[in-house]
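First to last, the sequence lines map onto chains Y and V.
By the numbering used here, the letter at position 125 of the first sequence is numbered 125, and the numbering carries on one by one without gaps.
By the numbering used here, the letter at position 34 of the second sequence is numbered 230, and the numbering carries on one by one without gaps.
Step one of this worksheet: look at the structure below.
2 protein chains.
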Amino acid sequence: MKQDLRVIKTQESIRQALLILLKTKPLDSISVAELCRLAKINRGTFYSHYKDVHGVFKHYVEVIVSDFKKAYEQPYYRTGFRIQHIRPEMIKIFDHVKRYKKFYQIIFDEKIPLMYYNLLFDTVRTFMMESIQENHLKTDSEIQIEYLTSYQANAILGLLIEWYRRDFETPTEEMNEQLIMILSMSSSFRNQTSIS
Amino acid sequence: MKQDLRVIKTQESIRQALLILLKTKPLDSISVAELCRLAKINRGTFYSHYKDVHGVFKHYVEVIVSDFKKAYEQPYYRTGFRIQHIRPEMIKIFDHVKRYKKFYQIIFDEKIPLMYYNLLFDTVRTFMMESIQENHLKTDSEIQIEYLTSYQANAILGLLIEWYRRDFETPTEEMNEQLIMILSMSSSFRNQTSIS
DNA sequence: AATTTTATTGTACACGTGTATAGTATCTTT
DNA sequence: AAAGATACTATACACGTGTACAATAAAATT
């Protein structure tokens, strides 16, 4: 059996309505009722497709995240550089975020649920995991990779948080440089700070 | 002029009601109406004190965060160790989180707004800042301290996220060890991973 | 103790939420 | 093209939200 045309039509009009509303008001102020009025959809119908407004927004976030994954998984980036040097895969993250700036401004908004942040976290963390496994890196056997990758992935997100707070005004090139410099800081510094 | 007794009474009964409700249901399912019924407070009165249920919860979070800050600021921990070694200040974070486990389980819940996470982030980040300044560490002048500390602070929170996801079952002692091992990993490894 | 100040209550209103159900319209299948 | 399946609509209900305002109660001030 094929996908019902009615379903496609209503879902698309709901999604479109969200995009339109997002241009004039923040996500957390958009109600299901308003969305349905604009989409010319009965409110009861809405609930047979989405749980709430976040359910609709999540669709777009998933599209963006999968775009991020796709870019990262291009073979060129995975094989073309020697592992002795900092490879540029991660660098792509800043370009990606800048490209979808409007969405990331929503995701990092303090009124928005952690759910989207978690999605980001899991995505970046998976990259870390794969990178370690592909290069057959063996870490100190005492270190649990789950904790190591969580540490590393969230560190990157820390840069994004700061970037967001500065309204993404720092150029992506400088973000790349900052990341590389932080990564190449000597371990002696890390021991000195006691914290980092 | 002194603080009106009526105000104190109503605020305390609202806060108490929240604690009671939190024992049986998640924060995001607690309505202002329910809170007011239990607190025996008129709903209109509620809104002259708090904006919403989160406003009430935030009070507790602020108490907890200030407790965290206080513990960190005890002079003993700031002077008693040589900076050449990893100092144990940050180690306190795991004990602290474990102590207030119930609250952190709420804060890290995916349905809860980023606001509380940001509060945590800012707190830890301030520690990083102070630590760098107190020790008169000069980083590479090209590195912006704001990005460095955001990176470092959020990395720690990454460990907390993973810990939370495992329902805080990893013993605090092991969390301490994991952190120390991650921090003392050689920079050569970091260059190899390309990501971390 | 009397007066003044103000926090709280009770009530109302327009709106949003989530769910349910019967009737209608639209799609798919044969 | 007709039959069958099902998505959509219209409507209703109980509940929650945020705001407003006059009446009341309980504080602080004199």
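Ideal Cβ placement from N, Cα and C applies to all residues, glycine included.
Not a single C-beta of chain Y is nearer than 8 Å to the C-beta of residue 204/V. Put simply, the CB of residue 267/V is far from chain Y, with every gap to its CB atoms at 8 Å or more. Rounded to the nearest whole angstrom, the C-alpha separation of residue 229/V and residue 300/V is 25 Å. A direct Cα-to-Cα measurement between residue 359/V and residue 4/Y gives close to 44 Å. Along the segment 338-364 of chain V, the alpha helix (DSSP H) occurs as fully enclosed runs of 4 or more residues at 341-361, listed in sequence order. For residue 320/V, same chain residues with a beta-carbon under 6 Å away, outside a window of 5 residues either side, are 349 and 352 in chain order. With a threshold of 8 Å between beta carbons, residue 262/V makes no contact with chain Y.
Of the candidates 144/Y, 141/Y, 147/Y and 183/Y, 183/Y places its Cα closest to the Cα of residue 159/Y. Apart from the 5 residues on each side of it in sequence, residue 292/V sits with its Cβ closer than 6 Å to the Cβ of 264 in its chain, given in chain order. Residue environment: residue 210/V is assigned as buried (16 or more neighbouring CB atoms within 10 Å of its CB, all protein chains considered). Taking 8 Å as the upper bound for CB-CB distance, residue 115/Y and residue 369/V are not in contact here, some 32 Å apart. Under the 8 Å criterion on CB atoms, residue 159/Y is classed as interfacial with respect to chain V.
Sequence-distant Cβ neighbours of residue 224/V in its own chain, meaning closer than 6 Å and more than five residues away, are 307.
Taking the Cα of residue 168/Y as reference, the smallest distance to any Cα among 50/Y, 55/Y and 100/Y is reached at 100/Y. Bridge pairing for residue 309/V: 113/Y [DSSP]. In the structure shown, the three-state DSSP call for residue 296/V is coil. The beta carbon of residue 303/V lies closer than 6 Å to those of 312 in the same chain, with the five residues before and after it left out. Contacts between residue 374/V and chain Y, judged by CB atoms closer than 7 Å, involve 143, 144 and 147 in chain order. Listed in chain order, the non-local C-beta contacts of residue 42/Y below 8 Å within the same chain comprise 36, local neighbours out to five positions each way being set aside.
For residue 92/Y, the secondary structure class from DSSP, reduced to helix, strand or coil, is helix.
Taking CB atoms only, residue 114/Y has a neighbour in chain V less than 8 Å away.
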